[in-house]
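S.K.: Here it is, the structure, as C-alpha cells.
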Amino acid sequence: MAEQLQARTSGLGVDGKFEAPGHPEHKRKHLQLLDNLFNKKIVQLPNPQREKVDPKGPATSPAKKIEIDANGANVAEKPASRWKFRHTVIAMTFMVMVALPTTLASLYLAFIAANQYHSSASFSVRSISAAQASDILGMFSQASAGSTISDSYVLLDFIMSEKMVQAADKLFDLENMYAPRGFDFFYGIRKDLPIEDKLRYWRSIITVDFDHASGIMNLTVNAFTPEDSQKVAGFIIQSSERLINDLSLTGRNEMLKVAQIEVSLAEARLSDARDAIRSYRDVSQEADPVEGAKLATQIVASLEQQLVKLQTEMSTALTQMGEDTPRIRVMRSQIDSLQKQLTQERQRLGSGIAPKQGRNATDSASGVAGRLQQYDKLETQREFAERAYTSSLAALERARVDANAKQRYLAVFINPTLSELAQYPHRFLNSLLVLLGTLLIWSVAVMGYYNIRDRN
Numbered sequence: 042m043a044e045q046l047q048a049r050t051s052g053l054g055v056d057g058k059f060e061a062p063g064h065p066e067h068k069r070k071h072l073q074l075l076d077n078l079f080n081k082k083i084v085q086l087p088n089p090q091r092e093k094v095d096p097k098g099p100a101t102s103p104a105k106k107i108e109i110d111a112n113g114a115n116v117a118e119k120p121a122s123r124w125k126f127r128h129t130v131i132a133m134t135f136m137v138m139v140a141l142p143t144t145l146a147s148l149y150l151a152f153i154a155a156n157q158y159h160s161s162a163s164f165s166v167r168s169i170s171a172a173q174a175s176d177i178l179g180m181f182s183q184a185s186a187g188s189t190i191s192d193s194y195v196l197l198d199f200i201m202s203e204k205m206v207q208a209a210d211k212l213f214d215l216e217n218m219y220a221p222r223g224f225d226f227f228y229g230i231r232k233d234l235p236i237e238d239k240l241r242y243w244r245s246i247i248t249v250d251f252d253h254a255s256g257i258m259n260l261t262v263n264a265f266t267p268e269d270s271q272k273v274a275g276f277i278i279q280s281s282e283r284l285i286n287d288l289s290l291t292g293r294n295e296m297l298k299v300a301q302i303e304v305s306l307a308e309a310r311l312s313d314a315r316d317a318i319r320s321y322r323d324v325s326q327e328a329d330p331v332e333g334a335k336l337a338t339q340i341v342a343s344l345e346q347q348l349v350k351l352q353t354e355m356s357t358a359l360t361q362m363g364e365d366t367p368r369i370r371v372m373r374s375q376i377d378s379l380q381k382q383l384t385q386e387r388q389r390l391g392s393g394i395a396p397k398q399g400r401n402a403t404d405s406a407s408g409v410a411g412r413l414q415q416y417d418k419l420e421t422q423r424e425f426a427e428r429a430y431t432s433s434l435a436a437l438e439r440a441r442v443d444a445n446a447k448q449r450y451l452a453v454f455i456n457p458t459l460s461e462l463a464q465y466p467h468r469f470l471n472s473l474l475v476l477l478g479t480l481l482i483w484s485v486a487v488m489g490y491y492n493i494r495d496r497n
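Residue 96 in the working numbering is what sits at position 55 of the sequence shown, and the numbering runs on without skipping anything.
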C-alpha cells in the first residue's frame, strides 16, 4: 500500500513506469490529492532512511507524516517567503511617516523650542447674602437663590473673548510680548495677524478650569518670561473684577428701576385723586360734604322741632281765641315761614324723588346725596391711591435691600504666582505624542493596504 501511495505522489505507476497526465491512474492521483486537501487528511509515506530490518521478520519502516497542499507539494518542505518589494515600500513609509517626524519633533523640542513659564491664580464669583440658613431646606433654598453659576459662565466666556484679546493687545502689545524666541516659530506669534488668529493664539496660552461644584475657577497663563505671565494674569483678574462689578451694578439698577417705576405710577395716581377732590371742593364750595350734610340734618331737625312747638301752641290758643285774633295770625305766619324754610333745607338734602336715567340723573347730583356720592367716590380713589403709594414705597425699600443682598463680587484667594522654573513645553511628552500619532496613522494605512489586497 505504501508503494502505491509513493508511486502516485511521484507520478509513477505501481510497476515504476511513468504515467501520462491523461492516464486514468494519473487522474485518480489528482482526485486523491484534492480529497486529502479538503478533508485535511495526513498521508503517511515510508522513510527509507529510518527503515529498520528485523532479523525475525520482514523489513518495516515507520510512517512519516507529510501535509499536501492544493498543488500537491509538501507544505513542510516549502522554502521560506522571500523579501518582496511591498515590504520595502512599507519600511520606507515607516521611515517617512513615523521615524522622520518623530526625530524632527524631538530635535525641535530639545534644541529649538524656547522655555515657557506659567502664572496661576484661583478665584470665584460670590454673592452677598444677608439671610442665614437655619435648616437643611433653607440651605438648599439659599444656595439656589444665590447661585452664581451663570455669572461664572459669563466670566469664562469673557476671558476667552475677542474683547479681552483687544484689551490685552492694547495694553501689552502681544506681538512683541509673544514674539518668536530665536528660531522657535511654532510657539511664538507672527506679526500683523488678524484678530481671529490672535484670539486662537490667546486661547492656546490661556487655560481656565471651572469647578461646577465649588464654583472655583483656576486660571493659568503661559509666557516666555515669568514676569510677563504674572502681568497678563493680573490684568485678567482686574478685568474680571470690573466685569463682575458692572454686572452686579446693572442687576441692582434693573431691580430698583422696576420698583421706582411703580412708585412713580402710584404717586401720579395719588396726585390725580387729590386734584379731583380739590376741584370738587372748589365747585361745591364746601370742605367736607359729610360735615355739611350733618349740619343740614341738624338744621332740619331744629326746624321741625320749632314747627311742632308752634303748631302745638296754636292748637292750644285756638281753644281760647278765635281765628282772626292777632296772636293766631302771627303764629300762623311763623308756622308758614318754618314750613318754607324746612322745605328748602330738605331740598338741600335731596329732592325726595328716586333718580331716573337721563336728565333727572344729573339733577340728583345737585343735592346733598349726590354730592356725597361724588365725594365718596373721589375719597375712595384717594384712599386707594394712598395705599398703593405706601405699598410701592415699601416694595421699593424691599427691592433695595434685596438688591444689596444679591450683589456679586470676585473673590480672589490665590493671587497670580511668579514661576521660578520653566514648565513648558513638555519635551518628552510631546515627542511621545508625535510618535504615537504618526505610528497610529501609519498602522491604519498599512492595515488598509493589506485589507484591500486580500479582498482583491
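No residue lacks a Cβ here, since even glycine has one placed at the ideal position from N, Cα and C. The structure displayed is predicted, hence computed values, not measured ones.
Use the C-beta contact count for methionine 136: other C-beta atoms within 10 angstroms, 16 or more gives buried, fewer gives exposed.
M.R.: Exposed, since its Cβ has fewer than 16 Cβ neighbours within 10 Å.
S.K.: According to the neighbour-count rule (16 or more other Cβ atoms, all chains shown, within 10 Å of its Cβ), is serine 374 buried or exposed?
M.R.: exposed
S.K.: Return the first residue and the last residue of the alpha helix (DSSP H) that alanine 146 is part of.
M.R.: Where alanine 146 is concerned, the enclosing alpha helix (DSSP H) stretches over 141-148.
S.K.: Note down the Cα distance separating lysine 447 from serine 168, rounded to an integer number of angstroms.
M.R.: 6 Å
S.K.: My output table needs one value for tyrosine 491: the three-state DSSP class, helix, strand or coil.
M.R.: helix
S.K.: Within the chosen definition, does the region 292-307 reach the region 476-492 through at least 3 CB pairs nearer than 8 Å?
M.R.: no
S.K.: Per DSSP, what kind of secondary structure is tyrosine 219 in: helix, strand or coil?
M.R.: Residue state, collapsed to three classes: coil.
S.K.: Tell me the rounded alpha-carbon separation between proline 396 and leucine 306.
M.R.: For proline 396, the predicted structure reports a pLDDT of 48, less than 50, and the residue's modelled location is therefore unreliable. A value from the coordinates is still provided. Rounded to the nearest angstrom, the gap between the Cα atoms of proline 396 and leucine 306 is 36 Å.
S.K.: Answer yes or no: do glutamine 422 and alanine 314 have a C-beta to C-beta separation smaller than 9 Å?
M.R.: In contact: glutamine 422 and alanine 314 (Cβ atoms closer than 9 Å).
S.K.: Roughly how many whole angstroms lie between the Cα atoms of aspartate 176 and asparagine 445?
M.R.: Confidence is the limiting factor: at aspartate 176 the pLDDT is only 42, short of 50, which leaves the residue's position unreliable, though a coordinate-based value still follows. When rounded, the distance between both Cα atoms is 24 Å.
S.K.: Cα separation between alanine 342 and glutamine 361?
M.R.: 30 Å
S.K.: Determine the contact status of serine 255 and serine 472, defining contact as a CB-CB distance below 9 Å.
M.R.: no
S.K.: Can you tell me where the alpha helix (DSSP H) holding isoleucine 169 begins and where it ends?
M.R.: Counting along the chain, isoleucine 169 falls outside any alpha helix (DSSP H), and DSSP gives it neither H nor E.
S.K.: Report the option in Tyr194, Lys211 and Phe227 whose CA atom is closest to the CA atom of valine 149.
M.R.: Just to set this straight, residue 149 is tyrosine in the shown sequence, not valine. For tyrosine 149, the nearest C-alpha among the options comes from Phe227.
S.K.: Closest to glutamate 369 by C-alpha separation, out of Lys381, Gln382, Gln352 and Gly489, would be which residue?
M.R.: According to the sequence as given, residue 369 is isoleucine; it is not glutamate. Ranking Lys381, Gln382, Gln352 and Gly489 by CA distance to the CA of isoleucine 369 puts Gln352 first.
S.K.: With DSSP collapsed to three states, give me the class of arginine 231.
M.R.: Coil, per DSSP.
S.K.: Output yes or no for whether 9 Å exceeds the beta carbon distance between valine 534 and isoleucine 278.
M.R.: Nothing about residue 534 can be reported from this structure: the residues present for the chain run from 42 to 497 only.
S.K.: Can you give me the start and stop residues for the alpha helix (DSSP H) that isoleucine 190 sits inside?
M.R.: 190-200
S.K.: Grab me the residues of glutamate 420's own chain with a C-beta within less than 8 Å of its C-beta, minus the 5 sequence neighbours each way, in chain order.
M.R.: Ile318
S.K.: Take serine 193 and list the residues in its own chain whose beta-carbon comes closer than 8 Å to its own, dropping the five residues that flank it on each side.
M.R.: Ser165, Val166, Phe251, Gly256 and Met258
S.K.: Under the three-state reduction of DSSP, which class applies to alanine 209: helix, strand or coil?
M.R.: Correct three-state label for alanine 209: helix.
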